[in-house]
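Here's the structure we're looking at; comments come further down.
Numbering (UniProt numbering), first residue to last: 1 to 511.
Quick look at the structure:
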């Protein structure tokens with residue numbers, strides 16, 4: 001940044017040196033004129049002095065001899081004078097030229113530096129601002145003439161810094177909003193290239209940012225239904241909303257997709273923005289609600305119809321036949337028990353699902369709970385000539401509600417007995433790891449298809465409806481089990497193979 005002052009100084013010194021050199025040349029050219037005048041005066045004085053000497057010594061010389069003598073003396077005097085004066089003159093001129101040039105250089109350097117230093121400082125500040133360093137400031141000195149320019153540059157720098165800070169804050173807020181919103185977001189430019197995607201989008205479609213950034217949306221492997229939706233928004237250039245069912249990684253998802261054009265300044269069309277809300281769970285819950293209403297209606301209708309039908313038959317006169325009367329009353333009693341069990345399970349499930357439901361958690365051993373559950377289900381086991389295979393190496397201490405865990409174990413053993421053929425074995429195992437006590441209940445029953453495993457904990461869902469209903473089951477047992485396990489902050493897993501049996505794994509935290 002000092003090149004400006006250096007160039008200015010060199011230019012000034014070159015100009016000044018040229019002026020002085022020309023001045024010296026002019027002086028040198030005028031010097032002979034002054035010497036000639038001086039020589040004429042000296043010659044006149046010399047002749048007068050020689051005439052005086054000749055008169056004093058009474059020397060008799062002819063006119064020609066006097067003129068020759070005058071000429072010789074004048075010539076000698078002129079030559080010696082010229083040599084001396086030339087030497088002294090050039091020496092004096094050189095010394096004066098050097099001293100003058102040095103003094104002028106010092107003064108001019110000081111003046112130029114004082115004049116250009118503020119400009120250099122302002123220029124440096126402007127270059128730093130151009131590079132994006134908005135913290136740079138110009139030096140302000142109240143004694144400098146350039147203070148208005150420095151002050152203006154500093155005001156500009158502060159304004160740019162404030163604008164940059166506001167922009168960075170807004171960008172950070174926007175980035176945080178986009179990254180942490182629960183919906184998938186994708187912005188596509190007018191040429192079809194993806195410019196923005198958020199974390200939810202990448203996680204949902206199992207992609208990396210480098211796989212989609214700047215790529216055409218048709219080339220990244222989006223579901224066809226979503227590509228058709230995006231094409232529709234591009235073609236119509238109008239906001240559009242649609243519910244789309246799409247397959248992602250071999251799983252079906254329901255998405256509510258909203259697309260809208262992005263309009264810039266002066267009405268310029270920049271592209272489209274796509275927002276996808278995952279409504280899979282809402283659709284599933286809605287379907288569960290519909291199934292629940294249908295199942296409850298069906299489950300209630302069957303025993304009520306039986307009770308009503310046999311009651312009407314008895315009232316029509318069948319009560320007179322004692323054998324028929326007892327048979328019908330047994331059926332009515334059985335169906336009323338089934339209806340009572342259904343209502344009790346519904347009330348129990350409703351109680352468990354209520355907000356704020358808690359279990360009485362305290363330290364307990366799982367071995368006694370498993371033994372008690374086996375004792376409660378032993379009569380049903382004997383009816384099918386089945387047996388227990390117990391594997392308890394040692395007791396496992398967990399934090400749980402003993403009564404609720406007995407309910408969990410009883411339901412799981414009852415299911416294992418219900419869905420197993422006669423003369424088979426139900427295995428009960430007790431294990432542990434660093435964080436959980438583990439209960440395993442395995443049967444040798446009909447098994448569960450893989451696509452049905454995720455639904456076995458739904459209310460009224462049955463793998464084998466006929467067998468479950470004939471056994472007196474309500475279809476709510478596993479739903480109750482799942483809620484009770486979650487109330488203990490535990491987990492339940494299902495491993496099953498069709499025709500080989502099913503293993504239920506319950507994990508209860510130790511702490």
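Glycine included, every Cβ here is placed at the ideal spot set by N, Cα and C.
- The way I'd put it, the region 308-323 doesn't touch the region 214-234; fewer than three beta-carbon pairs between them come closer than 8 Å.
- Residue ranges of uninterrupted alpha helix (DSSP H) with 4 or more members, entirely inside the region 275-322 and ordered along the chain, are 280-315.
- Selection 435, 254, 424 evaluated against residue 204 yields 254 as nearest (Cα-Cα).
- By the criterion of at least three beta-carbon pairs nearer than 8 Å, the region 367-374 is in contact with the region 424-442.
- Distances from the alpha-carbon of residue 416 to those of 340, 402, 491, 496 put 496 closest.
- Under the rule that a run must span 4 or more residues, the alpha helix (DSSP H) segments found entirely inside the region 353-392 read 366-383.
- DSSP places residue 14 in the helix class (H, G or I) of the three-state scheme.
- In this chain, the alpha helix (DSSP H) harbouring residue 204 covers 199-204.
- Note on residue 19: under 16 other CB atoms within 10 angstroms of its CB, so exposed under the neighbour-count rule.
- Counting only runs of 3 or more residues that sit fully inside the region 166-252, the beta strand (DSSP E) segments are 184-189, 194-197, 240-248, in chain order.
- DSSP places residue 486 inside the alpha helix (DSSP H), whose first and last residues are 477-487.
- Residues of the same chain with a CB within less than 7 Å of the CB of residue 319, apart from the 5 flanking positions on each side, are 325 in chain order.
- Closest option to residue 394, judged by alpha-carbon separation, among 423, 419, 432, 95: 432.
- Measuring C-alpha to C-alpha distances from residue 183 to each of 275, 400, 456, 384 identifies 275 as the nearest.
- Put simply, the backbone Cα of residue 178 is about 9 Å away from that of residue 196.
- With three or more CB-CB distances shorter than 8 Å, the region 489-504 counts as touching the region 442-450.
- The C-beta separation of residue 257 from residue 244 comes to about 5 Å, placing the pair in contact by the 8 Å criterion.
- Under DSSP, residue 258 takes part in a beta bridge, and its partners are 241, 275.
- For the options 483, 435, 434, 306, the alpha carbon positioned closest to that of residue 456 is the one of 483.
- Membership of residue 493 in the beta strand (DSSP E) is indicated by the continuous run 491-497.
- Taking every protein chain shown into account, the CB of residue 110 has fewer than 16 other CB atoms within 10 angstroms, so this residue is exposed.
- Residue environment analysis places residue 265 among the exposed positions, since fewer than 16 neighbouring C-beta atoms fall within 10 angstroms of its C-beta.
- Rounded to the nearest whole angstrom, the C-alpha separation of residue 300 and residue 480 is 19 Å.
- Residue nearest to residue 304 within the set 152, 293, 339, 278 is 339 (criterion: CA-CA distance).
- Note that the C-beta distance between residue 494 and residue 428 is not below 8 Å.
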